[in-house]
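Taking this note's numbering as reference, the numbering of the sequence shown is continuous, increasing by one, and the terminal residue is 100.
All residues carry an ideal CB built from backbone N, CA and C; glycine is no exception.
Worksheet: the structure to be examined is printed underneath.
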Amino acid sequence: MDKSVDYQIDEYCEAFFKTILPVLLLLHLESKNMIQESSDYYLATFNIIDKTTVSKLD
């Protein structure tokens, strides 16, 4: 490989870790937070689904 190509790859990696990665991490944490806030709703929904599934199996 050419040294200039290696340097270019290093620049791309550095740009990725400095810009894209923090944004992805932030989005991940935000989505986790949103799931945490609405977990009661999800649990209630799954509970209803589970009860109907169990009653159909009986």
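Per the coordinates, the alpha-carbon of PHE58 lies some 12 Å from the alpha-carbon of GLN50. A straight line joining the alpha-carbon of THR61 with that of HIS70 spans about 15 Å. Just so you know, the alpha carbons of PRO64 and ASP52 end up roughly 18 Å apart. Separation of GLU72 and TYR54 (C-alpha to C-alpha, rounded to the nearest whole angstrom) is 26 Å.
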